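A.B. asks: Counting in my numbering, the sequence shown runs from 48 upward without gaps. C-beta: ideal position from N, C-alpha, C; glycine also. Note that the structure is predicted; figures quoted are calculated from it, not measured.
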Amino acid sequence: MKRNVKKLVSGTIAAIMVLSSALTLNFSTAAATSVSDENSIGLRVSSAYDVAMQSDGVINEEEPEDEIKNEQGEFNEPVIEPTEPQQPVPETTVPSETVPATEPQPSTSATKLELKVNSRTLGVNEKYTLEAEIEGINDDLLLWSSSDSSVAEVENSGASAIITAKKIGTAVITVSANGLSAECEVTVKAEPKSMSLNRTSIILGVGETYDLDSYLPKGCGAYSILYSTDNADVADVKAAGGLVTANSVGTATVTATAYNGVKVSCKVEVRKAPTYAILNTNKISLATGTTYTLVENTPGAYSNPDNVVWSSSDSSVVSVKKDYYNTAVVTARKAGKAVITIQTYNGKTAECEVLVENVGVVKNVTKTSFESDEVTLKWDKVSGATGYVIYYLNADRHKNYSKVKEVTSNTATITNLRKTTQYYFKVAAYVEKNGERYEGAPTIKKTCTQADEIKNLSLDRSSDVIELSWSRVENATGYKIYRANEKTDWDYKEYKTLKGNGSTTLTEKNLSTGNQYRYKIVAYRLLYGDCYYYSKGITKVAYAGLGAPVVNLTSRLRKVTLSWGRNKYADGYEIYYSRSRNSGYSLFGKTKNTFFTTTHRLEAGRTYYFRVRAYRNLSVNGKRTDVPGTYYTYSIKAQNGAYGQSVGGTYIEISIKEQHMWFYKNGEYILETDVVTGNDDGYHNTPTGYYTIWQRQSPTVLVGAGYASPVDYWLAFTRSGCGIHDASWRSAGEFGGTTYKGNGSHGCVNTPYSKVRTIYNNVGIGTPVILY
């Protein structure tokens with residue numbers, strides 16, 4: 048019985064210990080539950096009690112106590128509801144042993160609940176596992192939620208949750224337990240359709256590494272991008288992060304793949320590792336404040352310039368900063384000496400010695416010339432300078448400076464420059480010392496050549512409106528117009544400014560016809576806010592009222608006759624012709640008449656262009672000058688015949704308007720002369736048209752109503768008595784001009800004696816006579 052009591056006591060103690068453990072466990076868990084869960088806590092306690100008191104509270108002697116302890120550690124299984132409440136075990140006192148009572152312990156409080164990331168960007172349809180870091184909390188008690196499941200959906204999975212990006216937007220994922228919580232902001236962007244890498248190809252040396260980075264189009268997102276290689280023996284890559292390692296000589300392709308299958312690749316070429324390093328120079332001389340670009344270029348083997356380290360032995364004298372790819376900028380800080388060193392990824396090095404001296408800076412550079420194709424600069428002398436070097440840059444066309452000149456004085460002229468062009472000049476002093484040359488920091492002068500003078504200034508209208516036009520000057524930013532007239536006492540005054548380079552015309556209205564106007568056009572380029580670079584002025588004198596004549600043209604006998612109305616302001620007219628409409632015009636002649644016939648035969652069938660413009664003879668700047676008006680351009684095809692008749696190489700041509708005669712024989716010009724035709728009274732006018740010589744007599748007497756005139760040479764061309772003959776009764780001054788207007792013949796063509804004699808001796812019956 049004593050032994051059984053011992054077993055009972057031992058069993059009772061074990062049951063109490065199990066019950067105590069169960070109470071401690073469930074009170075701790077209860078901290079994460081609501082008040083309404085208190086019954087479940089009681090159930091967990093009851094269950095633990097039942098398990099502890101199973102087998103009628105009798106523990107077999109054969110069952111060791113450590114097994115009972117092991118069972119006590121397995122009460123995390125689901126709670127089993129009891130069917131009947133169990134009666135408490137009566138407390139048994141054993142005189143020889145003292146059994147301590149076990150009191151229920153309070154539950155352990157949660158000490159940590161955090162998320163490994165607090166923000167993440169995903170692409171639509173991408174999944175991501177979000178992990179929590181917990182202490183003092185069972186992971187099955189964690190509660191996960193999304194602020195907007197339509198943007199980012201969360202699937203609870205204990206200490207981690209699977210986030211699924213649903214659509215573009217932002218959602219907050221929250222995890223909570225035992226009064227603690229943590230959040231992660233999830234931004235969902237568009238699913239990428241493409242992506243790029245920071246390099247599409249790279250060259251590495253064996254053993255070298257390079258970190259590839261991927262980039263997505265704007266507005267797209269992707270967290271999961273994995274890297275792979277098609278030849279790990281040549282170049283391996285970390286799946287996450289893209290770190291490439293060159294293993295052996297050869298080529299490989301590294302591919303980055305996004306979560307949705309979008310890919311991009313980089314070609315990797317692996318070369319031999321460098322056995323040495325080299326720079327473009329091993330010694331340079333610099334002035335304080337100046338820089339020099341060193342270049343690393345190791346032939347044969349390879350070290351990716353991104354992995355080359357640059358350093359200076361004394362950064363206070365010379366500093367070095369990697370610039371681009373395989374270059375670095377060396378900056379001279381103070382007088383002294385330093386060594387620049389490069390080191391490749393595998394420890395190969397190269398050095399460059401840098402000597403630094405103080406050289407003064409050029410000050411007060413000014414432009415002293417005003418030419419359109421050259422610039423003269425002057426500056427203050429620099430103490431101790433051996434000389435000066437000048438660099439220049441056409442700022443309108445180029446980006447790099449070129450050395451243009453060296454001088455020993457403090458002035459220089461740079462020639463053969465482009466007109467109306469912006470130039471930047473660098474002027475630097477240099478010092479020669481111990482066989483080294485130290486060039487100081489340059490001073491930059493921004494300036495411009497003077498504007499090119501305007502070309503092709505023309506007077507397009509000169510009636511009651513004066514219109515000028517000219518060709519556009521390249522790079523000009525405007526034009527200034529100066530005008531002079533009687534009101535300004537012929538001094539040019541600034542009249543108008545045309546800003547921009549779009550308008551190259553000036554139209555003047557409300558002018559007084561019969562008055563002279565003078566214009567000067569100046570192109571300019573405006574730079575730096577208020578600097579004007581002007582051209583030389585080109586002038587044009589206009590006379591209001593000398594409008595373009597309206598011209599009638601006829602052609603016969605390979606000549607062209609032009610006629611127009613009289614301009615009351617004109618002193619005469621100039622006639623120009625060309626075989627091209629827009630260029631190549633030559634002055635054919637001048638006349639005070641309102642008609643003109645070309646003086647030599649043109650090419651039959653060819654089109655010719657004519658311009659007639661009036662002019663006024665004026666005093667301009669103390670000199671008599673023919674000031675021209677404007678013109679229209681006309682065209683006509685030269686005709687070989689006349690009045691529908693074909694004309695051979697021998698014929699007589701007479702212009703009644705011009706009172707002039709021409710004689711051609713066998714296609715050759717023989718002579719021309721002024722004549723007097725029939726009196727212009729409507730009764731005795733010489734007829735016009737195509738005729739032929741039908742009678743020739745020498746001498747003869749011309750008989751008419753009230754007269755009988757002996758002549759030596761008679762060539763009749765009409766049956767009604769009109770012909771060509773000499774007229775001894777006329778003086779030499781009567782031929783030509785306007786004699787025929789009141790003192791003309793009875794219809795015949797009076798011709799100077801010597802001229803008609805030559806014609807008579809060279810023509811026969813049937814020779815054509817054309818009168819117009």
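By Cβ distance below 8 Å, which residues in the same chain neighbour Ser-792 in space, the five residues on each side in sequence not counted?
C.D. replies: Val-723, Thr-724, Gly-725, Asn-726, His-731, Thr-733 and Ala-774
A.B. asks: Rounding to the nearest angstrom, what Cα-Cα distance links Ile-701 and Lys-587 in this structure?
C.D. replies: 40 Å
A.B. asks: From the DSSP output, in three-state form, read off Thr-677 for me.
C.D. replies: coil
A.B. asks: Give the DSSP-derived three-state secondary structure of Ser-801 in the structure shown.
C.D. replies: helix
A.B. asks: If Glu-605 sits next to Ala-685, beta carbons under 8 Å apart, how far is it from one beta carbon to the other, in whole angstroms?
C.D. replies: Rather than Glu, the amino acid found at residue 605 in this sequence is Arg. Confirmed, Cβ separation roughly 5 Å.
A.B. asks: Between Tyr-566 and Leu-515, is the Cβ-Cβ spacing less than 9 Å?
C.D. replies: yes
A.B. asks: From Val-376 to Pro-352, what does the alpha carbon distance come to, in whole angstroms?
C.D. replies: Their backbone Cα atoms lie some 14 Å apart in a straight line.
A.B. asks: Could I get the ranges of all uninterrupted alpha helix (DSSP H) runs contained in the stretch 296-338, with 4 residues as the minimum, in chain order?
C.D. replies: none
A.B. asks: In the DSSP output, which residue or residues are listed as bridge partners for Lys-492?
C.D. replies: According to DSSP, which records beta bridges pairwise, Lys-492 is partnered with Phe-472.
A.B. asks: Suppose the cutoff is 8 Å on Cβ atoms and the five residues either side in sequence are ignored; what does the same chain contact list for Asn-264 look like?
C.D. replies: Per the sequence shown, residue 264 should be read as Pro rather than Asn. Around Pro-264: Pro-239, Lys-240, Ser-241 and Met-242.
A.B. asks: Rounding to the nearest angstrom, what Cα-Cα distance links Leu-160 and Ala-279 in this structure?
C.D. replies: 41 Å
A.B. asks: Measuring CA to CA, which of Val-317, Gly-308 and Val-674 is closest to Thr-256?
C.D. replies: Val-317
A.B. asks: By Cβ distance below 7 Å, which residues in the same chain neighbour Gly-829 in space, the five residues on each side in sequence not counted?
C.D. replies: Not covered by the structure: residue 829. The range shown for the chain is 48 to 819.
A.B. asks: Roughly how many angstroms lie between the CA atoms of Gly-688 and Asn-522, to the nearest whole one?
C.D. replies: 54 Å
A.B. asks: Between which two residues does the beta strand (DSSP E) harbouring Cys-231 extend?
C.D. replies: 227-236
A.B. asks: Check the C-beta distance from Ala-475 over to Ala-488 and give it rounded, since I have them as a contact under 8 Å.
C.D. replies: 7 Å
A.B. asks: Note down the Cα distance separating Asn-532 from Ala-591, rounded to an integer number of angstroms.
C.D. replies: 12 Å
A.B. asks: Taking 6 Å as the limit between beta carbons, can you name the residues of its chain near Ile-585, skipping five residues before and five after?
C.D. replies: Glu-500, Ile-501, Leu-504 and Ile-568
A.B. asks: Within 10 Å of its beta-carbon, does Leu-553 have 16 or more other beta-carbons around it, so buried, or fewer, so exposed?
C.D. replies: buried
A.B. asks: Rounded to a whole number of angstroms, what is the C-alpha to C-alpha distance between Arg-804 and Phe-710?
C.D. replies: The C-alpha of Arg-804 lies about 12 Å from the C-alpha of Phe-710.
A.B. asks: In whole angstroms, give me the CA-to-CA distance for Ile-437 and Cys-495.
C.D. replies: 16 Å
A.B. asks: Helix, strand or coil: how does DSSP classify Leu-553 here?
C.D. replies: strand
A.B. asks: Starting from Asn-203, trace the beta strand (DSSP E) in both directions and tell me its first and last residue.
C.D. replies: 199-204
A.B. asks: Which residues in the same chain as Leu-290 place their Cβ atom closer than 8 Å to its Cβ, once the five residues preceding and following it in sequence are excluded?
C.D. replies: Same-chain partners within the cutoff: Thr-256, Tyr-257, Asp-258, Leu-259 and Val-284.
A.B. asks: For the beta strand (DSSP E) that contains Thr-467, what are its first and last residues?
C.D. replies: Premise fails: Thr-467 is in no beta strand (DSSP E) and is neither H nor E.
A.B. asks: Could you give the distance in angstroms between the alpha-carbon of Lys-466 and the alpha-carbon of Ser-518?
C.D. replies: 15 Å
A.B. asks: Ignore the nearest five residues each way along the sequence and tell me which others in Val-667's own chain have a CB closer than 6 Å to its CB.
C.D. replies: Val-588
A.B. asks: Excluding sequence positions up to five away, which residues of its chain have a Cβ less than 6 Å from the Cβ of Lys-583?
C.D. replies: For Lys-583, where only same-chain residues beyond five positions count, the Cβ hits under 6 Å are Glu-500.
A.B. asks: Which runs of the beta strand (DSSP E), 3 residues or longer, sit entirely within the stretch 638-676?
C.D. replies: 642-644, 654-667 and 670-675
A.B. asks: Just to check my reading of the structure: Ile-389 and Leu-333 have Cβ atoms closer than 8 Å, yes? What is that Cβ distance to the nearest angstrom?
C.D. replies: In fact, because the Cβ distance is near 18 Å, the residues do not count as touching under 8 Å.
A.B. asks: Who pairs with Asn-441 in a beta bridge, going by DSSP?
C.D. replies: Secondary-structure assignment with DSSP links Asn-441 through a beta bridge to Tyr-470.
A.B. asks: Would you say Thr-302 and Val-412 are within 9 Å of each other, going by their C-beta atoms?
C.D. replies: no
A.B. asks: Out of Leu-665, Val-219, Gly-297 and Leu-718, which one is the CA nearest neighbour of Leu-251?
C.D. replies: Gly-297
A.B. asks: So the beta strand (DSSP E) Asn-599 belongs to, where does it begin and stop?
C.D. replies: Run containing Asn-599: 598-603, per the beta strand (DSSP E) assignment.
A.B. asks: For a quick check, are the C-beta atoms of Thr-820 and Lys-314 less than 9 Å apart?
C.D. replies: One cannot answer for residue 820 here, as it falls past the ends of the chain, which runs 48 to 819.
A.B. asks: Going residue by residue through the stretch 559-601, where are the continuous alpha helix (DSSP H) segments of at least 4 residues, counting only ones entirely within it?
C.D. replies: none
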